[in-house]
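Quick note, in this note's numbering, the sequence shown goes up one by one and the last residue is 190. We put the CB at the ideal spot given by N, CA and C, even for glycine.
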Amino acid sequence: MTTDPPPEPPEHPVGAGESAAPAPPGPAGRTRGTRAAFRRWRRTRPFWATVWTALGGFVIFFLPMAPLGKILQVGVGGVAGMAGGVVLMAMALLMLFMPGQRHTAGVIAVIAGVASFPLSNLGGLFAGMVLSVLGGSMAFAWLPEKPAPRRGLPRRGRPADRTGGASGPGGPSVPPVSVRSGSA
């Protein structure tokens with residue numbers, strides 16, 4: 007019986023975040039490719055803001071359904087807590103699937119989180135309120151990642167002299183003059 011030698015492992019560049027070699031076939035390669043695709047998708051939206059806002063909404067929503075001895079208020083506060091939790095979870099989904107609306111969703115999440123303090127068992131025993139305010143403020147402050155510069159292509163730069171120089175159509179070039187307004 008003859009056996010083939012085992013395949014050589016692909017060489018990985020030292021210190022690089024992602025290898026340039028294709029993922030090996032099999033479950034490990036699919037997992038690595040899936041994780042890389044998820045990472046690329048996650049970086050195009052306020053992912054962590056969504057996670058914190060959704061957790062805050064979850065805490066505020068489900069706390070009124072806790073056993074009677076563990077909650078501080080039952081009745082209208084329970085309904086308000088459930089409504090606030092639903093609003094927060096809806097804002098989390100809005101942040102995740104419509105990143106362009108992150109400012110509106112972030113402001114609404116912060117308002118709903120702060121409003122949950124008097125309306126729903128001290129804002130989900132403070133945890134839900136803190137998580138929703140954290141997530142809403144993170145969503146408001148989030149900026150999309152700038153695309154990486156293309157490699158190998160020449161950069162477009164400004165010409166050294168836009169006025170055409172001394173022999174250009176506009177005559178001799180004149181240095182810009184700073185004009186002050188007001189008194190010295």
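ask   = What's the C-alpha gap between T56 and R157?
value = The residue you call residue 56 lines up with position 50 of the sequence shown. The residue you call residue 157 lines up with position 151 of the sequence shown. Approximately 33 Å, taken between the alpha carbons.
What do you get for P124, buried or exposed, if any count of 16 or more other CB atoms within 10 angstroms of its CB means buried? Start at 1 with the first residue of the sequence shown, and residue 124 comes out as number 118. By the neighbour-count rule (16 or more Cβ atoms within 10 Å), P124 is not buried but exposed.
Item checked: Status (buried if at least 16 other CB within 10 Å, exposed otherwise) for V93 -> For the purposes of this step, residue 93 is identified with residue 87 of the sequence shown, where counting begins at 1. Answer is buried; the Cβ neighbour count reaches 16.
Query raised in the report: Which two residues bound the contiguous alpha helix (DSSP H) that contains G63?
Result: Working through the sequence shown from its first residue, we reach residue 63 at position 57. Annotation for G63: the continuous alpha helix (DSSP H) segment containing it runs F53 to F68.
| query | Helix, strand or coil: which one does DSSP assign to S143? | reply | Here residue 143 corresponds to residue number 137 of the sequence shown, with the count starting at 1. It is helical.
TODO: Put R49 into one of helix, strand or coil per three-state DSSP.
DONE: Working through the sequence shown from its first residue, we reach residue 49 at position 43. Coil at R49, not helix or strand.
Original post:
Is the region 114 to 131 in contact with the region 43 to 50, if contact means three or more CB pairs nearer than 8 Å?
Top reply: Per the Cβ contact rule, the region 114 to 131 is not in contact with the region 43 to 50 (fewer than 3 Cβ pairs under 8 Å).
### Message
Once DSSP output is grouped into helix, strand and coil, what is the label at R235?
### Response
Examination of residue 235 is not possible in this model, given that the chain is present from 7 through 190 alone.
Original post:
So which of G90, V85 and T37 has the shortest CA-CA distance to G63?
Top reply: The sequence position of residue 63 within the sequence shown is 57, counting from 1. Ranked by how close their Cα comes to the Cα of G63, the residues G90, V85 and T37 have G90 in first place.
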